[in-house]
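Visitor:
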Amino acid sequence: MAINFKPLRKPEHLILNDREFQAQRETRQAASEMLLRQPKAPRFEGLGPNKSILDTFARDASFLSMRNFGEYVCGLIKTKIVSDEHGRIADILLTVPPHSDSEGNVVDPSDERHLRTLIRLMKSADSNRHFTMLCSPNQVAQVRRWFTDLQLDDKNSISISTFKYTVWAQDAYVAVTDDAGRSILCEGVHFPRRDDATIADDVAAQTSISALQSYLYFQGGNVLEVGDYVLIGKDYIQANLGRAHLETEDKILAAFKKVFGKNIISLGRSEPIQEDHRKYLGGGHYQPIFHIDMYVTPTGKIGKDGKPVVFVASPKLGRQAVGEKSKPTDYDIYFDEAADQLSGVADVRRLPILPSFIRFRSKDGADGRYYFLSYNNAIVENYGRSSNVYLPTFSQDVDTYRKDRNVTHYEGEAAKRQALDRAAKAAWEKLQFTVYQMDGLEDLAIGWGCVHCITKTVARETPVA
Numbered sequence: 205m206a207i208n209f210k211p212l213r214k215p216e217h218l219i220l221n222d223r224e225f226q227a228q229r230e231t232r233q234a235a236s237e238m239l240l241r242q243p244k245a246p247r248f249e250g251l252g253p254n255k256s257i258l259d260t261f262a263r264d265a266s267f268l269s270m271r272n273f274g275e276y277v278c279g280l281i282k283t284k285i286v287s288d289e290h291g292r293i294a295d296i297l298l299t300v301p302p303h304s305d306s307e308g309n310v311v312d313p314s315d316e317r318h319l320r321t322l323i324r325l326m327k328s329a330d331s332n333r334h335f336t337m338l339c340s341p342n343q344v345a346q347v348r349r350w351f352t353d354l355q356l357d358d359k360n361s362i363s364i365s366t367f368k369y370t371v372w373a374q375d376a377y378v379a380v381t382d383d384a385g386r387s388i389l390c391e392g393v394h395f396p397r398r399d400d401a402t403i404a405d406d407v408a409a410q411t412s413i414s415a416l417q418s419y420l421y422f423q424g425g426n427v428l429e430v431g432d433y434v435l436i437g438k439d440y441i442q443a444n445l446g447r448a449h450l451e452t453e454d455k456i457l458a459a460f461k462k463v464f465g466k467n468i469i470s471l472g473r474s475e476p477i478q479e480d481h482r483k484y485l486g487g488g489h490y491q492p493i494f495h496i497d498m499y500v501t502p503t504g505k506i507g508k509d510g511k512p513v514v515f516v517a518s519p520k521l522g523r524q525a526v527g528e529k530s531k532p533t534d535y536d537i538y539f540d541e542a543a544d545q546l547s548g549v550a551d552v553r554r555l556p557i558l559p560s561f562i563r564f565r566s567k568d569g570a571d572g573r574y575y576f577l578s579y580n581n582a583i584v585e586n587y588g589r590s591s592n593v594y595l596p597t598f599s600q601d602v603d604t605y606r607k608d609r610n611v612t613h614y615e616g617e618a619a620k621r622q623a624l625d626r627a628a629k630a631a632w633e634k635l636q637f638t639v640y641q642m643d644g645l646e647d648l649a650i651g652w653g654c655v656h657c658i659t660k661t662v663a664r665e666t667p668v669a
């Protein structure tokens, strides 16, 4: 199997040096001060126009009347985030990026392996699910064969797109429901990666899912629902600061609460991480990794003092699992800070995460990447007596990486990766989860993601009380 490195996700505001970052902070502060001196602006509720309104009318005029459309904009119709932990996953969105290669593949072989594995595992846990797929027209026949091979019925939906979107289905929106329980992909005001900003629109035009535009800036991987709260990584709280109606952090949190329907916790430190530390971490300024779903996981379980159990990543535990000493560049302190911050509202448990590094030959010469093998980036569901987690593994492709001529430095060892996989599995089993282990996902990890990042849970059923 050839190695296909997924594109790194580096929003511009997360790769600035300290001088550029400080200039940006000063600009936001100046904008806030100017806006606060202006007369009060009209009412603002955090939602913008429904971009798919015409498609919605064409499909089902009863879904949204013009009056209801205005109520969405004004916040009179309430929206609420789809849970990250409670309920059976009833509908999940997967994106199949356009692809072509010299061997005639219309789907990237590693994407196909990952998506087929996930569909198979989720079907084995509960066959009564719906898979919403987005793919290119020339991929439809192949995606249909996946369903046939896995003995899935024809109730699953396949939408098509002509845009160049990625496999990272998690990020360009957050799934919410309205007060009638209808599914909506709520998009942020701007999404900079390839054509991913088109995904919700194409899906909304061809399915019963709707798309709703928000005035707020956010990305799905940096938003998590935990019990009575929604966690938002502080980097994206700060990215909104200084915009009209968002002159203070309190205003930003209030606007997010309107959209997601729960109190908001801004997860991150008060001062930015040092620039010379950030190159070893995951691209964040106020948080160690640029998306919190890489190091925080709600479990849906209740622990001490009735608090929800939340897993927070620990590089120290990752090193222990593989029999290595901690390295100064692991920077456990930033993950420990996240654990301490959450301890007020959650029963925090720790989960191994392993910092790693790879260097490979590229068109421009040698290219190196620091990345994390994360078991936090998982899919969780709790319903009835079932508790399932779809968990990454990283031991499958070690030999492939070691033998690849383009890889000049690689830290993986099969025995250590297997020990790491076992330690993560045991931690979830200790919470009485049935663990469904994915295929090897190191190619996703090198792209700063994992299994949660390539999915978007659109709907859940029978939430746990």
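Residue numbering for the sequence shown follows the working numbering, starting at 205 and increasing by one per position. Yeah, the Cβ is synthetic: ideal placement off N, Cα and C, and Gly gets one too.
Please confirm if the stretch 392-407 is in contact with the stretch 316-332, defined as three or more CB-CB distances below 8 Å between the two stretches.
Guide: Flag = no, the stretch 392-407 and the stretch 316-332 do not touch.
Visitor: Which same chain residues end up closer than 8 Å to residue 562 when comparing Cβ atoms and leaving out the 5 residues on each side of it in sequence?
Guide: Answer for residue 562: 572, 573, 575, 605, 611, 613, 614, 615 and 650, listed in chain order.
Visitor: Please go through the same chain and pick out, in chain order, the residues whose beta-carbon is closer than 7 Å to the beta-carbon of residue 341, but skip the five residues on each side of it.
Guide: Once the five neighbours on either side are set aside, the close Cβ partners of residue 341 are 364.
Visitor: Which residue spans inside the stretch 445-490 form an unbroken beta strand (DSSP E) run of at least 3?
Guide: Those beta strand (DSSP E) runs which fall completely within the stretch 445-490 and span 3+ residues are 467-471.
Visitor: Confirm, please, whether the CB-CB distance from residue 556 to residue 579 is below 9 Å.
Guide: Yes. Within cutoff.
Visitor: To the nearest angstrom, report how far apart residue 293 and residue 588 are at their CA atoms.
Guide: Spanning the two alpha carbons is a distance of roughly 12 Å.
Visitor: Could you work out which residue in 558, 565 and 515 is closest to residue 544 when comparing CA atoms only?
Guide: For the residues 558, 565 and 515, the minimum Cα distance to residue 544 belongs to 515.
Visitor: Between residue 596 and residue 582, how many whole angstroms is the CB-CB distance? I'm expecting something under 8 Å.
Guide: Contact holds; Cβ gap of about 7 Å.
Visitor: In whole angstroms, give me the CA-to-CA distance for residue 439 and residue 355.
Guide: For residue 439 and residue 355, the distance between alpha carbons rounds to 43 Å.
Visitor: Check each candidate in 379, 644 and 531 and name the one with the smallest Cα separation from residue 481.
Guide: Nearest of 379, 644 and 531 to residue 481, Cα basis: 531.
Visitor: Using the C-alpha atoms, what's the distance from residue 652 back to residue 623?
Guide: Approximately 22 Å between the Cα atoms of the pair.
Visitor: Counting beta carbon pairs with one atom in the stretch 382-397 and one in the stretch 623-638, are three or more of them shorter than 8 Å?
Guide: The stretch 623-638, when compared against the stretch 382-397, does not touch it at the 8 Å Cβ threshold.
Visitor: So what's residue 657 in DSSP terms, helix, strand or just coil?
Guide: Note: residue 657 maps to helix in three-state DSSP.
Visitor: Out of 619, 644, 524 and 388, which has the shortest C-alpha to C-alpha gap to residue 405?
Guide: It is 388.
Visitor: Tell me where the alpha helix (DSSP H) around residue 407 begins and ends.
Guide: Unbroken alpha helix (DSSP H) run through residue 407: 403-410.
Visitor: What runs of the alpha helix (DSSP H), each 4 residues or longer, lie entirely inside the stretch 586-644?
Guide: Runs of the alpha helix (DSSP H) inside the stretch 586-644: 602-607 and 618-633.
Visitor: Run the proximity test for residue 292: is its beta-carbon closer than 8 Å to any non-hydrogen atom belonging to the ligand SAH?
Guide: The ligand SAH is absent from the structure shown, which contains no ligand whatsoever.
Visitor: Of the residues 533, 326, 621 and 285, which one's Cα is nearest the Cα of residue 646?
Guide: Considering only alpha carbons, the answer is 621.
Visitor: Under 8 Å: do the stretch 476-492 and the stretch 443-452 share three or more Cβ pairs, one atom per stretch?
Guide: The answer is no - the stretch 443-452 does not touch the stretch 476-492, with fewer than three Cβ pairs under 8 Å.
Visitor: Among all the DSSP beta bridges, which residues are the ones paired with residue 535?
Guide: According to DSSP, which records beta bridges pairwise, residue 535 is partnered with nothing at all.
Visitor: In the DSSP assignment, what are the bridge partners of residue 722?
Guide: Residue numbering for the chain in the displayed model covers 205 to 669; residue 722 lies beyond these limits and cannot be assessed.
Visitor: Sorted by chain position, which residues of the same chain lie with C-beta nearer than 6 Å to residue 321's C-beta, five sequence neighbours on each side aside?
Guide: Hits under 6 Å: 642 and 643.
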